[in-house]
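Working notes, beginning with the structure itself.
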Amino acid sequence: MFFAQVDTYNYDYTLTTSDAAGAGILAGALLVWVILWLAIAVIQIIAMWKIFEKAGVEGWKAIIPIYNYWTLCEIVGKPGWWGLAPLLMIIPLINFVAWIAVLVVFVLVALELGKAFGKDTVWSIFLLVIFSLIGILILGFGKDKFDKSLLTVNTATGGTPDNTDTSTKA
102 MFFAQVDTYN YDYTLTTSDA AGAGILAGAL LVWVILWLAI AVIQIIAMWK
152 IFEKAGVEGW KAIIPIYNYW TLCEIVGKPG WWGLAPLLMI IPLINFVAWI
202 AVLVVFVLVA LELGKAFGKD TVWSIFLLVI FSLIGILILG FGKDKFDKSL
252 LTVNTATGGT PDNTDTSTKA
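In our numbering, the protein residues as written are 102 to 271.
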């Protein structure tokens, strides 16, 4: 009287062949995506390696995550620490806003990289921002040469403009 009658249901937790087939299809699709992602990553590393070599930087730096973006920022005359912007995405509470900083840094670096190879803004936006894999393949394996003098900033000064004189001459 204190306890109500509880109906016990016979739940069956066995899998049918269609359940197993669905799991197999899902696992196969996941495997295809992982292989595709790895192939794209390898292609991107090879293209960045070639771009680094054209810029006079050791190509192996393209292999190391985060350091490769730090190096790319320095190549185009931006401060290397800009390459740390993607790390903001892992910090709780600011990660939902950090993507804006990451996007701005990515676009600025892409524009300067395109400029260093003699490409205009439209080319850089279209092929280095929207279709970046195609753009870096063209820059890495194309005939265009890296020209530091085309950059807005001087890479030797760590991101300060060429026309800025920080010394005080009397």
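In this text, a Cβ means the ideal position worked out from N, Cα and C, and glycines have one as well.
Source: prediction; values computed, not measured.
Minimum C-alpha distance to residue i - residue among the options
| i | options | result |
| --- | --- | --- |
| Lys155 | Lys244, Ser119 and Gly181 | Lys244 |
| Ala199 | Pro187, Leu234 and Trp183 | Pro187 |
Backbone secondary structure at residue i - three-state DSSP
| i | result |
| --- | --- |
| Pro187 | helix |
| Phe218 | coil |
| Ala156 | coil |
Inter-residue Cα distance where the pair is residue i and residue j
| i | j | result |
| --- | --- | --- |
| Glu159 | Trp150 | 8 angstroms |
| Asp263 | Phe197 | Reliability of the predicted coordinates at Asp263 is poor, the pLDDT of 43 falling under 50, and the value obtained from them is presented with this limitation in mind. About 35 angstroms. |
| Ser233 | Ser250 | 23 angstroms |
| Gly219 | Val133 | 37 angstroms |
| Ala202 | Gly129 | 36 angstroms |
| Tyr168 | Tyr110 | 58 angstroms |
| Phe247 | Ile152 | 8 angstroms |
| Lys162 | Gln145 | 13 angstroms |
Host alpha helix (DSSP H) of residue i (start-end)
| i | result |
| --- | --- |
| Ser250 | Segment: none, Ser250 is in no alpha helix (DSSP H) and carries neither H nor E. |
| Thr172 | Tyr168 to Ile176 |
| Ile239 | Ser233 to Phe242 |
Integer-rounded CB distance, given that residue j should sit under 8 angstroms from residue i
| i | j | result |
| --- | --- | --- |
| Val210 | Cys174 | 6 angstroms |
| Lys178 | Glu213 | The displayed chain sequence assigns Gly, not Lys, to residue 178. Confirmed, about 6 angstroms. |
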